[in-house]
Amino acid sequence: MGLSLRNPPDTRFDRGGGRGSSLPPRRSRRRIALALAALALAAVVVALTGLWLGIRLAGTDTRETPLGRASVQVSVASHGGVEAFIPVADWGLRFHAFRGPVVLHVEPRAVDRQAVIRAVSGDQHVLAGTEAQLRKAAAHVSISAWLWGAGIALALGALVALGLAHATRRRAIVLGFPVAVCSIALLVGLGVLLRVRSTFDSHAFEHPVFYARGAELAQLLHASSKVTATQNGYTSTLAQTLQGFATLLEDSTLQRVPPGNRDALLVSDLHGNVLALGPLRRYASGQPIYFVGDFGQTGSAAEAKALVPRVSRLGARVVAVSGNHDSGLLMRRLARAGVTVLTASGRLRANGSVSGPPVVRVDGLRVAGYGDPFEYHGPDPADPSRIYSFADLPGGGKPEFNDAEQRLIAWARGLRPRPDVLMVHENGLAQGLAQALHARGWTHALTILTGHDHVQHVDRYGAITVADAGSVGAGGVFGAGHTYIGLGQLHFGTRPPALRAVDLVKSDPFTGAAQADRIVIDSQGVCGPGAIPTCSPRSATGPAARLLRVHP
1330 MGLSLRNPPD TRFDRGGGRG SSLPPRRSRR RIALALAALA LAAVVVALTG LWLGIRLAGT
1390 DTRETPLGRA SVQVSVASHG GVEAFIPVAD WGLRFHAFRG PVVLHVEPRA VDRQAVIRAV
1450 SGDQHVLAGT EAQLRKAAAH VSISAWLWGA GIALALGALV ALGLAHATRR RAIVLGFPVA
1510 VCSIALLVGL GVLLRVRSTF DSHAFEHPVF YARGAELAQL LHASSKVTAT QNGYTSTLAQ
1570 TLQGFATLLE DSTLQRVPPG NRDALLVSDL HGNVLALGPL RRYASGQPIY FVGDFGQTGS
1630 AAEAKALVPR VSRLGARVVA VSGNHDSGLL MRRLARAGVT VLTASGRLRA NGSVSGPPVV
1690 RVDGLRVAGY GDPFEYHGPD PADPSRIYSF ADLPGGGKPE FNDAEQRLIA WARGLRPRPD
1750 VLMVHENGLA QGLAQALHAR GWTHALTILT GHDHVQHVDR YGAITVADAG SVGAGGVFGA
1810 GHTYIGLGQL HFGTRPPALR AVDLVKSDPF TGAAQADRIV IDSQGVCGPG AIPTCSPRSA
1870 TGPAARLLRV HP
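Be aware that the sequence shown starts at 1330, since it is given in this note's numbering, and climbs by one per residue.
What follows is the structure, encoded as structure tokens:
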């Protein structure tokens, strides 16, 4: 006879641990504690997962700033900070501006070139406006990511709660678990925001860390030490170097320049680097300055505003011609500020008109200047279709170069009275002019001042000297640090008014490395094969033969 149990004992879990439970009270309480701990851990994991997904899905905040359009995005990271990434160049900067598990990514989408130039020139309104917009974008994207995270955490919590309710048959968990998850997400997110705010250090932006990929990396890291130098350090080092060479070049151990000279300074190719102008002004000490073009990068109104007041105060008199990076607007502003701007047909006036003869008197010398063929006269100097050189023309621009050279030669031969000094920005045109005049039997002592190639050299074609002092702006603010600042001290005689010597000075204002070379020319201004011994250069730091080229 078998035994049948129609109603077996109820062994289900009973929260009271008493009658109806198969577990002793102590084991039942332990199991409840473990279950609650597991629920709490699950709530934390779900909340953090929701925050992580929310940050990824929050997207970017794109803002129009004075410097251009930029996007800001927040992401999870082990170390907090700010990153600015340049996608085209494939490099960026990191700033350890705060401590926290998030990073703010800033990426420029479009750049206003004129605003960048104003910012580089010290326009604080541009920088302050950009900073304000980026701060707003960072706050907006951070709060957005926080709310997205809380919302996704709530949704994930609800899904997990439904699963747990189905498994445990406890409906109360459907409400309690999602609320707990959302609360944890909100509290963690708020804690991160407060951590970022409390540890934020604005001084960290003065010490960026560069990063890049591939071949760019080593070059970028090398440049970073240059870029982080301050403006005061740059200008003070350059000023000390120039002052030192001003003394050294007058030392009695050097080959002396014959007495009775008219001294002047030769500079060109500033390319917007205003940092060089302060020391240059102190070095000039009342001398005339021959500025052979390329004051800015485009010759825009912003560059004119930043450069013209400083350039006009450089020397006792500033004489200038345009370069291929200049514009009619910039040259008119210089003329309005008192700079003697020379053109092929006369002196430029502030209203754009030209008056007077093409040959003017400067400290007893007859001087004429030729504006660059690529000086811009259109409405927008930053026009992306603008042509800056003959090489940019179809086929390399050789026919156009030949035409420009012939026009320059015809202009120079037709000048009356014959000039002592000609100013021509384009070195290639200046060399062609000197060679052509020499070949046609030119015997009058003539000095052609030029630039454009950023290389220091002196060329001799019989009675004609071509002098190039290099780039006084080290190729511009973006070239500073790997290109020398160059200038030339010119020594003209009185009778005849010919160039007697050129001091070529170049300096790296970041490191203090510098060199000065003196090239002495005979008193008649003639340096041909028979006069080479009197034209041999003497140097403050070593031989300068490489700087002097004598052409038959």
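Every residue gets a Cβ at the ideal spot worked out from N, C-alpha and C, and that includes glycine.
- 1675 is the residue among 1691, 1690, 1600 and 1675 whose C-alpha sits nearest the C-alpha of residue 1684.
- Take residue 1513, set aside five residues on each side of it, and the residues of its chain with a beta-carbon closer than 7 Å to its own are 1372, 1373 and 1376, in chain order.
- The continuous alpha helix (DSSP H) containing residue 1640 extends over residues 1630-1641.
- Distance from the Cα of residue 1467 is smallest, within the candidate group 1815, 1715 and 1387, for 1387.
- By the neighbour-count definition (other C-beta atoms within 10 Å, threshold 16), residue 1772 is an exposed residue.
- Here the alpha carbons of residue 1646 and residue 1737 stand approximately 25 Å from one another.
- When rounded, the separation of the alpha-carbon atoms in residue 1435 and residue 1425 is 14 Å.
- Sixteen is the threshold: since fewer than 16 other Cβ atoms of the shown chains lie within 10 Å of the Cβ of residue 1745, the residue is exposed.
- Residue state for residue 1790 is assigned as strand, using DSSP reduced to three classes.
- For residue 1672, DSSP records a beta bridge to 1675.
- According to the DSSP assignment, residue 1818 belongs to the beta strand (DSSP E) that extends over 1814-1821.
- Per the DSSP secondary-structure output, residue 1835 pairs in a beta bridge with 1815 and 1844.
- Residue 1478 holds the alpha-carbon nearest to the alpha-carbon of residue 1517 among 1529, 1473, 1478 and 1490.
- When only Cα atoms are considered, residue 1525 and residue 1651 end up about 51 Å apart.
- Counting along the chain, residue 1705 sits inside no alpha helix (DSSP H), nor does DSSP assign it H or E at all.
- At least 8 Å separates the beta-carbon of residue 1635 from that of residue 1670.
- Around the beta carbon of residue 1776, 16 or more other beta carbons sit within 10 angstroms, so the residue counts as buried.
- Distance between residue 1765 and residue 1792, taken at the CA atoms: about 12 Å.
- Between residue 1591 and the set 1610, 1690, 1665 and 1836, the nearest pair of CA atoms involves 1690.
- Counting only unbroken stretches of 3 or more residues, the beta strand (DSSP E) elements lying wholly within the stretch 1719-1765 are 1750-1755, in sequence order.
- Rounded to the nearest angstrom, the Cβ distance from residue 1595 to residue 1796 is 6 Å, consistent with a contact under 8 Å.
- Looking at the backbone, the Cα of residue 1406 and that of residue 1529 are separated by about 16 Å.
- Comparing C-alpha distances from residue 1834 to each of 1817, 1457 and 1822 shows the shortest one belongs to 1817.
- DSSP lists 1594 and 1647 as the bridge partner or partners of residue 1618.
- Between the C-alpha atoms of residue 1877 and residue 1666 there is a straight-line separation of about 36 Å.
- The shortest C-alpha to C-alpha distance from residue 1459 to any of 1729, 1401, 1787 and 1410 is the one to 1401.
- Membership of residue 1604 in any alpha helix (DSSP H) is not indicated, and neither H nor E is assigned to it by DSSP.
- By the beta-carbon neighbour count (other beta carbons within 10 angstroms, threshold 16), residue 1654 is buried.
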